[in-house]
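Down below is the structure, laid out as structure tokens.
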Amino acid sequence: MTGVQTCALPIWQLQMVDLSAYDNMPDVRIRFHYDDQGIWGGGLAIDDVTISKQHGNNLALDSITTISYTLTPLAQVSPITFGGRVNNLGLNPQTGTLLSVDVTGNDAFSGNSAPPVTMAPSTNQILTISPSYTPPWRGIYDVDFSVTQDSTDCT
């Protein structure tokens with residue numbers, strides 16, 4: 017198998033390759049090759065390589081999009097809009113997909129990305145939680161994100 021993956025964006029990309037054609041083969045090898053086409057490119061970076069069976073239902077929260085600081089000066093407190101990029105890594109469409117957030121600590125807040133969305137297989141979507149949240153005073157806050165859907169996830 018020969019495949020070419022290119023990306024003009026300077027961000028990590030999720031790449032999925034169907035290897036089912038190689039099921040039950042006694043010796044399968046995977047190789048990564050980088051060629052910047054004679055240009056002084058930024059180099060090759062590969063991380064978190066996993067070879068596994070693709071499940072029917074498998075959602076993953078790839079990244080959160082809205083928390084840029086771990087410490088915010090009291091004079092700079094402003095509304096926080098929580099969000100994240102959700103990936104459907106499964107074979108099936110995922111219905112009723114919601115991103116939820118729970119804030120605990122010196123105050124409590126819960127929200128989700130209603131209305132629920134349907135995600136096609138091998139797609140990702142940015143989900144945003146409304147309303148935004150403004151911490152009322154100084155203190156330590158824990159923020160927990162979760163992704164749910166109508167089907168039972170594989171993990």
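Here the sequence shown stands for residues 17 to 171, where the numbers follow our numbering. Note that the Cβ used here is the ideal one computed from N, Cα and C, for glycine as well. What you are looking at is a predicted structure, and each value in this text was computed from that prediction instead of being measured.
The beta-bridge partner set that DSSP reports for residue 72 is empty. When DSSP states are grouped into helix, strand and coil, residue 110 belongs to the strand group. A check of alpha carbon separations from residue 159 across 107, 98, 147, 69 identifies 98 as the nearest. Between the beta-carbon of residue 118 and that of residue 157 there is about 10 Å, and that puts the pair past the 8 Å contact cut. Between residue 113 and the set 69, 89, 140, the nearest pair of CA atoms involves 140. Nearest C-alpha to residue 163 among 78, 60, 95: 78.
With respect to the 9 Å criterion, residue 142 and residue 116 are not classified as neighbours on the basis of their beta carbons.
Contact between residue 148 and residue 89 is ruled out by a C-beta separation of about 19 Å, above the 8 Å threshold.
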